[in-house]
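Novice: Protein chains in written order, with this note's numbering: chain A, 761 to 1183; chain B, 761 to 1183.
Yeah, the Cβ is synthetic: ideal placement off N, Cα and C, and Gly gets one too.
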């Protein structure tokens, strides 16, 4: 079992000690450890499910949403998927040692910029127990130690998963301390974790604005916020309306509670009369509440009068629900301006047939991911081929978009010479 | 002239407005602006020198070191070198739009990770007026707006240089506000600058530990500290002693006051008796004060008794002076451990003939730059072919080592499809 008597500082220091040898481990050893973790999760699925049942029982009377309870819950298929996720990471290339660039200087020095692990990565997350294993696997494969701080509602699920992973990893040659679990979900533990300067190299919080605000107040360790997404789809004049229709339906309704779902639909004024009546009809049929500006209402035909009026704050709101704001714009430039003013820099899409419009949108929109003729829902480490993700960054420093194994690395310059000195 | 009536917040907001169109400028326009800046500096060198003379006069009675005064001082050759530095940046490739990687997903989506400007970069620096122009040129070419906060001692030099650059840049199509100068060198101005969240994207402070501590206390904007360097040269058993000798002399004496000069010499015990007597003799002859451990003294021959004893804190001190700590170690592993315990992660060198030792040192040492058979003095944006540098990072997030144009960029994912939606 994971020792829970350790203080947060103890867990972090043990992780730091482990990180020194972890950074030097060969890929074969790391992959065998991940295989062992996957096998142990499969073999001990009953233990995981029993712990999860205890978590669900212990929180039966708590005031939790149905969506939250669903995120907490494990079943045999979900446990098997966790193990499969680990195997998917085995199949990926080890980022450690990758040469990002290399060149020879005029004086003959050979310079290589080589990817190396950050050291100790901490993740603060809510609900989903699978994050415990996803993050562990990404960290270990990229040569990092991990410190996990899940939420108290699934403490037993997380503890059993971390214990299984630790035991399997130790048996496969991963150093002790490489997987740290912070027991206790209180604000004091978070503050202690967030001030481990020189021990923890990066904290990635996955959670809402409350978590972000709480961390911003106390953190002295570098933090990359896996923040919210106020995402847009813009339908250009001359777009393929069938394509636009399907993209909007997918981006809004396929999973409305996640950060890469769409919150505002913008339509070019020349497209609005032909496109909006059918689009809004389908959305309403799918159960989406529509909040439209005056021009969208006017273009919506028979539906127009029955639409809610969009108010100013709707353009700035991440609904995370079956609600969509709808507006009409005069040009792709106006769409870019609206997106840059109201968006959160997460995922933004244009549907267009025009190369010029696509280029203007791609270049003009300031966001982690800009889509042409595709759903915003693809911004995700797994979808991008990174195996999984620690989170999704909307900040510009270090990592933008999905945080995968490469983003858990830094680099160093290795410079080889034959006695060069500086004149 | 640069308007000095603006508040810090006004300067930053103007820079942010400028950054939006700057990020979209083509390379030709940016290069023409840099050429115009270089030409204007050449043409108006007398004005720059006159302003610098006023700075020197105004601080004639101030308690400033000779080294600081030398850094403040401009002469015709130094002004010409500033203009040449700008032209060197014109010659470099524009980082904006570089595709860092690109791939096609199984569903047919084409994903490109494209370099884009950060937005607004602020630099806090001391003494050297050339930094005003170096940083301006790097920022503009990489599509960023810049906010400059130099030291009060050279306020007039900086103001004239910034005004010349602004006038030339405006004439060449750079938007107004792209070059901001914060007047007033007080702590209040720094605090205001350091809390421009959502306006300033990055602050790079160039200065000592005092500046770092002051900023850490107030900054809410992301900061990359261009920190100090406690650098080592390790001479392995079986190294080429002539090469080692010249590298140590260069790394210690060529410019002892800078962060990539060496502060500790480590020698393998098998190399010490043959290497140290001559090496320490040369260093002493060059005027270097030597602080040796017992084993180094024993191996130093006739010189041994006359050497100072190294005390514990010597291993952790960045002398920035003609002082060197000298120790003997048992193996390359011990050298790596010493470097990782006492070093600041800046620049570390091994001199060796052994491939195994070189590999152990390259992989084991945790630093921005690791050298095999070369002087530590090469860690520098200009030496690395980046034209110049904003500073030198010893932190691991975002940028490590020289901060050049690429490090002033972030990236975005551009994803092109043909109607893909997420199943």
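Is it right to say residue 1101 of chain A is buried, meaning 16 or more other beta carbons lie within 10 angstroms of its own, or is it exposed?
Specialist: In the first chain, residue 1101 of chain A corresponds to position 341, counting from 1. With fewer than 16 Cβ atoms within 10 Å of its Cβ, residue 1101 of chain A is classed as exposed.
Novice: Check each residue of the stretch 938 to 971 of chain A: if its Cβ is closer than 7 Å to any Cβ of chain B, include it; give the result in chain order.
Specialist: Cβ contacts with chain B come from 961, 962.
Novice: Would residue 762 of chain B be called buried (16 or more neighbouring beta carbons within 10 Å of its own) or exposed?
Specialist: In the second chain, counting from the first residue as 1, residue 762 of chain B sits at position 2. Confidence at residue 762 of chain B is low in this model, with a pLDDT of 46, below 50, so its placement is unreliable and no value can be given for it.
Novice: Residue 842 of chain B and residue 906 of chain B look like a contact to me (Cβ under 8 Å); what is the Cβ gap, rounded to whole Å?
Specialist: Position 82 of the second chain, counting from 1, holds the residue named residue 842 of chain B. Position 146 of the second chain, counting from 1, holds the residue named residue 906 of chain B. Incorrect: roughly 15 Å between the Cβ atoms, too far for contact.
Novice: If we cut at 8 Å on Cβ distances, does residue 995 of chain A have a partner in chain B?
Specialist: For the purposes of this step, residue 995 of chain A is identified with residue 235 of the first chain, where counting begins at 1. Not one chain B Cβ lies under 8 Å of residue 995 of chain A.
Novice: Mind listing the chain B neighbours of residue 1176 of chain A? Cutoff is C-beta to C-beta under 9 Å, in chain order.
Specialist: Your numbering for residue 1176 of chain A matches position 416 in the first chain. In chain order: 1118, 1122, 1131, 1132, 1133, 1134.
Novice: For chain A, check one thing: does any of its Cβ atoms lie closer than 8 Å to the Cβ of residue 1163 of chain B?
Specialist: Here residue 1163 of chain B is taken as the residue at index 403 of the second chain, counted from 1. Not one chain A Cβ lies under 8 Å of residue 1163 of chain B.
Novice: Residue 796 of chain A and residue 932 of chain A: beta carbons closer than 8 Å?
Specialist: As a position in the first chain, residue 796 of chain A is number 36, starting the count at 1. As a position in the first chain, residue 932 of chain A is number 172, starting the count at 1. Yes, the Cβ-Cβ distance between residue 796 of chain A and residue 932 of chain A is below 8 Å.
Novice: Taking the runs of the beta strand (DSSP E) that are 3 residues or longer, which of them lie wholly in the stretch 838 to 898 of chain B?
Specialist: Whole beta strand (DSSP E) segments, 3+ residues: 859 to 864, 870 to 877, 880 to 884.
Novice: Below 9 Å on C-beta distance, what does residue 863 of chain A contact in chain B?
Specialist: Mapped onto the first chain, residue 863 of chain A falls at position 103. Those are 1144, 1145, listed as they occur along chain B.
Novice: By the DSSP assignment, the beta strand (DSSP E) with residue 824 of chain A in it spans what residues?
Specialist: Mapped onto the first chain, residue 824 of chain A falls at position 64. Where residue 824 of chain A is concerned, there is no enclosing beta strand (DSSP E), given that its DSSP letter is neither H nor E.
Novice: Which residues in chain A have a C-beta closer than 8 Å to the C-beta of residue 1187 of chain B? List them in chain order.
Specialist: No answer is possible for residue 1187 of chain B: it lies beyond the span of chain B, which begins at 761 and ends at 1183.
Novice: Return no unless some Cβ of chain B is closer than 8 Å to the Cβ of residue 1039 of chain A.
Specialist: Sequence index remark: in the first chain, residue 1039 of chain A carries index 279 (1-based). Not closer than 8 Å to any Cβ of chain B, the Cβ of residue 1039 of chain A fails to qualify, so no.
Novice: CA-CA distance, residue 1165 of chain A and residue 1174 of chain A?
Specialist: Walking along the first chain from the start, residue 1165 of chain A turns up at place 405. Walking along the first chain from the start, residue 1174 of chain A turns up at place 414. The straight-line gap from Cα to Cα measures roughly 21 Å.
Novice: Using a beta-carbon distance cut-off of less than 9 Å, what residues from the stretch 878 to 895 of chain B approach chain A?
Specialist: So the close ones are 878, 879.
Novice: So which residues on chain A does residue 1003 of chain B lean against when the C-beta distance must stay under 7 Å?
Specialist: Looking up residue 1003 of chain B in the second chain gives position 243. Within chain A, the residues near residue 1003 of chain B are 1179.
Novice: Report yes or no: do three or more beta-carbon pairs, one from the stretch 1137 to 1146 of chain B and one from the stretch 1139 to 1155 of chain A, lie closer than 8 Å?
Specialist: Because the criterion of three Cβ pairs below 8 Å is not met, the stretch 1137 to 1146 of chain B and the stretch 1139 to 1155 of chain A do not touch.
Novice: Given this structure, state the Cα-to-Cα distance separating residue 992 of chain B from residue 1094 of chain A, to the nearest angstrom.
Specialist: To locate residue 992 of chain B, count along the second chain from 1; it is residue 232. To locate residue 1094 of chain A, count along the first chain from 1; it is residue 334. Their Cα atoms are separated by approximately 56 Å.
Novice: Checking 8 Å against the spacing of the C-beta atoms, do residue 897 of chain A and residue 794 of chain A come in under that value?
Specialist: Numbered from its first residue, the first chain carries residue 897 of chain A at position 137. Numbered from its first residue, the first chain carries residue 794 of chain A at position 34. Cβ atoms of residue 897 of chain A and residue 794 of chain A: closer than 8 Å.
Novice: Strictly below 7 Å CB to CB, what residues from chain E border residue 871 of chain B?
Specialist: Among the protein chains in the structure shown, which are A and B, there is no chain E.
Novice: Between residue 1014 of chain A and chain B, is the shortest Cβ-Cβ distance under 8 Å, so that the two count as touching?
Specialist: As a first step, residue 1014 of chain A must be located in the first chain, where it is residue number 254. Residue 1014 of chain A counts as touching chain B.
Novice: With a Cβ-Cβ cutoff of 8 Å, do residue 986 of chain B and residue 964 of chain B count as a contact?
Specialist: Taking the second chain and counting its residues from 1, the one referred to as residue 986 of chain B is at position 226. Taking the second chain and counting its residues from 1, the one referred to as residue 964 of chain B is at position 204. Yes. Within cutoff.
Novice: Strictly under 8 Å for the Cβ-Cβ distance: is residue 1007 of chain A near chain B by that measure?
Specialist: Start at 1 with the first residue of the first chain, and residue 1007 of chain A comes out as number 247. With 8 Å as the cut-off, residue 1007 of chain A counts as an interface residue toward chain B.
Novice: Please list, in chain order, the chain B residues whose beta carbon lies closer than 8 Å to that of residue 787 of chain A.
Specialist: By one-based count along the first chain, residue 787 of chain A stands at place 27. Chain B residues near residue 787 of chain A: none, gap ~14 Å exceeds 8 Å.
Novice: Our contact map puts residue 1084 of chain B next to residue 1023 of chain B with C-beta atoms below 8 Å; I'd like the distance itself, whole angstroms only.
Specialist: Translated into positions along the second chain, residue 1084 of chain B becomes position 324. Translated into positions along the second chain, residue 1023 of chain B becomes position 263. Correct: roughly 7 Å between the Cβ atoms.
Novice: Work out the CA separation of residue 1169 of chain B and residue 880 of chain B for me, nearest whole Å.
Specialist: Along the second chain, one-based indexing puts residue 880 of chain B at 120. Along the second chain, one-based indexing puts residue 1169 of chain B at 409. So the two alpha carbons sit approximately 10 Å from each other.
Novice: Output the distance between the C-alpha atoms of residue 899 of chain A and residue 956 of chain B, rounded to the nearest integer angstrom.
Specialist: Stepping through the first chain from its first residue, residue 899 of chain A is reached at position 139. Stepping through the second chain from its first residue, residue 956 of chain B is reached at position 196. Looking at the two C-alpha atoms, the distance is approximately 33 Å.
Novice: Have a look at residue 1049 of chain B and residue 1082 of chain B and give me their C-alpha separation to the nearest angstrom.
Specialist: Start at 1 with the first residue of the second chain, and residue 1049 of chain B comes out as number 289. Start at 1 with the first residue of the second chain, and residue 1082 of chain B comes out as number 322. Cα to Cα, residue 1049 of chain B sits roughly 6 Å from residue 1082 of chain B.
Novice: What residues in the stretch 777 to 810 of chain B bring their beta carbon closer than 7 Å to a beta carbon of chain A?
Specialist: For the stretch 777 to 810 of chain B, which is checked against every Cβ of chain A, the residues closer than 7 Å are 784.
Novice: Sorted by chain position, which residues of the same chain lie with C-beta nearer than 6 Å to residue 934 of chain A's C-beta, five sequence neighbours on each side aside?
Specialist: Counting from one through the first chain, the residue named residue 934 of chain A turns up at place 174. Cβ within range, chain order: 793.
Novice: Output needed for residue 1172 of chain B: all residues of its chain with C-beta closer than 7 Å, excluding positions within five of it in sequence on either side, in chain order.
Specialist: Here residue 1172 of chain B corresponds to residue number 412 of the second chain, with the count starting at 1. For residue 1172 of chain B, where only same-chain residues beyond five positions count, the Cβ hits under 7 Å are 874, 876.
Novice: Under a Cβ-count criterion, where at least 16 other Cβ atoms within 10 Å of its own Cβ denotes burial, should residue 1119 of chain B be classed as buried or exposed?
Specialist: As a first step, residue 1119 of chain B is located in the second chain; it is residue number 359 there, counting from the start. Per the 10 Å Cβ criterion, exposed.
Novice: Quick check on residue 1162 of chain B: does DSSP put it in helix, strand or coil?
Specialist: The count along the second chain starts at 1 and reaches residue 1162 of chain B at position 402. Strand at residue 1162 of chain B.
Novice: Cutting at 8 Å between CB atoms, please list the residues of its own chain near residue 809 of chain B, excluding the five before and the five after it.
Specialist: Counted from its first residue, the second chain places residue 809 of chain B at position 49. Cβ neighbours of residue 809 of chain B beyond the five flanking positions: 834, 835, 836, 839.
Novice: List the endpoints of the continuous alpha helix (DSSP H) containing residue 772 of chain A.
Specialist: One-based indexing of the first chain puts residue 772 of chain A at position 12. Where residue 772 of chain A is concerned, the enclosing alpha helix (DSSP H) stretches over 768 to 782.
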